[in-house]
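In my numbering, the protein residues as written are 980 to 1142. Cβ coordinates follow ideal geometry from the N, Cα and C atoms, glycine included. Have a look at the structure below before the remarks.
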Amino acid sequence: MKTEEILKRGSEITRRIFCNRMLLTSVGVGLAANNLRGETAKEQTPALAYPPLKVAGAERVMPSSFLYFSYPTANDPAVLVRAHDGEYLAYSRKCAHLGCSVDFDSERRCFKCPCHQGVYDPRTGYVMYGPPPRPLDQIMLQMRAGSEVWAVGKRIGSTNSNA
């Protein structure tokens, strides 16, 4: 009879034990879900679709030089860079720190933000120096009809290869 009482007491869950177990379970599930969300968010680069726009004058841009243009609207400054190997790259000119317009420094071969001295790599868009929290937004490009360069979308803070 004493054994039955011990077994009965061992199977009883008090309110305190129940609440503690629920709290620990909730915290564990929350941490696991946050970790999974963080990993998948890093793998996905937000891409924004905009109407295609021919980059006027791109065919005249020589290797190791650049061209300012606007994309996706006339109020969105952008820059087209032609690398020394002839590859075209394009980025938004809005600094990822506070949105000031970055300029291409031909002498130092980098993008510089005049507001807080942020410096970006023109080949990748990555931050080389300063306060910007992420790379420049990359403008996706397509080559059409020979030497025509078209802007076809934008990746937020991405440095993936062109579409």
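**Request:** Taking the CB atoms as reference points, tell me whether Val1106 and Lys1091 lie closer together than 8 angstroms.
**Result:** For the purposes of this step, residue 1106 is taken as the residue at position 127 of the sequence shown. For the purposes of this step, residue 1091 is taken as the residue at position 112 of the sequence shown. Contact flag unset, no.
**Message:** For a quick check, are the C-beta atoms of Ala1130 and Tyr1050 less than 8 angstroms apart?
**Reply:** As a working mapping, residue 1130 is identified with position 151 in the sequence shown. As a working mapping, residue 1050 is identified with position 71 in the sequence shown. Result yes, Cβ atoms of Ala1130 and Tyr1050 sit closer than 8 angstroms.
**Item:** Ala1028 - partner residues in DSSP beta bridges
**Value:** If you number the sequence shown from 1, residue 1028 lands on position 49. Gly1132, per the DSSP bridge assignment.
**Asked** If we call anything under 8 angstroms between Cβ atoms a contact, is Ile1135 one with Ala1057?
**Response** The residue labelled residue 1135 in the question sits at position 156 within the sequence shown. The residue labelled residue 1057 in the question sits at position 78 within the sequence shown. Contact flag unset, no.
**Item:** Residue from Ser1044, Gly1109, Ser1043 and Phe1048 whose Cα sits closest to the Cα of Ala1035
**Value:** Start at 1 with the first residue of the sequence shown, and residue 1035 comes out as number 56. When only C-alpha atoms are compared, the closest one is Phe1048.
**Item:** Residues of its chain near Pro1110, where Cβ-Cβ distance is below 7 angstroms and the 5 sequence neighbours each way are ignored
**Value:** Position 131 of the sequence shown, counted from the first residue, corresponds to residue 1110. Cβ neighbours of Pro1110 beyond the five flanking positions: His1076, His1095 and Gly1097.
**Request:** Using the Cα positions of Leu1120 and Val1008, report the straight-line distance between them to the nearest angstrom.
**Result:** In the sequence shown, the residue the question calls residue 1120 occupies position 141. In the sequence shown, the residue the question calls residue 1008 occupies position 29. Cα to Cα, Leu1120 sits roughly 42 angstroms from Val1008.
**Message:** Contact defined as beta carbons within less than 8 angstroms: I believe Val1128 pairs with Ala1037. What is the distance between those atoms, to the nearest angstrom?
**Reply:** Start at 1 with the first residue of the sequence shown, and residue 1128 comes out as number 149. Start at 1 with the first residue of the sequence shown, and residue 1037 comes out as number 58. Yes, Val1128 and Ala1037 are in contact; Cβ-Cβ is about 4 angstroms, under 8 angstroms.
**Message:** On the criterion of 16 or more Cβ atoms from any shown chain inside 10 Å, does Glu1018 qualify as buried, or is it exposed?
**Reply:** Working through the sequence shown from its first residue, we reach residue 1018 at position 39. Model confidence at Glu1018 stands at a pLDDT of 48, short of 50, so the residue's coordinates are unreliable and nothing is read from them.
**Message:** Please state whether the Cβ-Cβ distance between Ala1062 and Arg1113 is less than 8 angstroms.
**Reply:** Your numbering for residue 1062 matches position 83 in the sequence shown. Your numbering for residue 1113 matches position 134 in the sequence shown. The answer is no: Cβ separation not under 8 angstroms.
**Request:** Check whether the Cβ atoms of Ser1085 and Lys1133 lie closer than 8 angstroms to each other.
**Result:** Residue mapping note: residue 1085 aligns to position 106 of the sequence shown, counting from 1. Residue mapping note: residue 1133 aligns to position 154 of the sequence shown, counting from 1. Cβ atoms of Ser1085 and Lys1133: not closer than 8 angstroms.
**Asked** Which stretch, first to last residue, makes up the beta strand (DSSP E) that contains Cys1089?
**Response** Within the sequence shown, residue 1089 is the residue found at index 110, counting from 1. First-last of the beta strand (DSSP E) with Cys1089: Cys1089 to Lys1091.
**Best match in Ala1069, Tyr1108, Ser1126 and Arg1123 for proximity to Asp1055 [C-alpha to C-alpha]** = For the purposes of this step, residue 1055 is taken as the residue at position 76 of the sequence shown. For the residues Ala1069, Tyr1108, Ser1126 and Arg1123, the minimum Cα distance to Asp1055 belongs to Ala1069.
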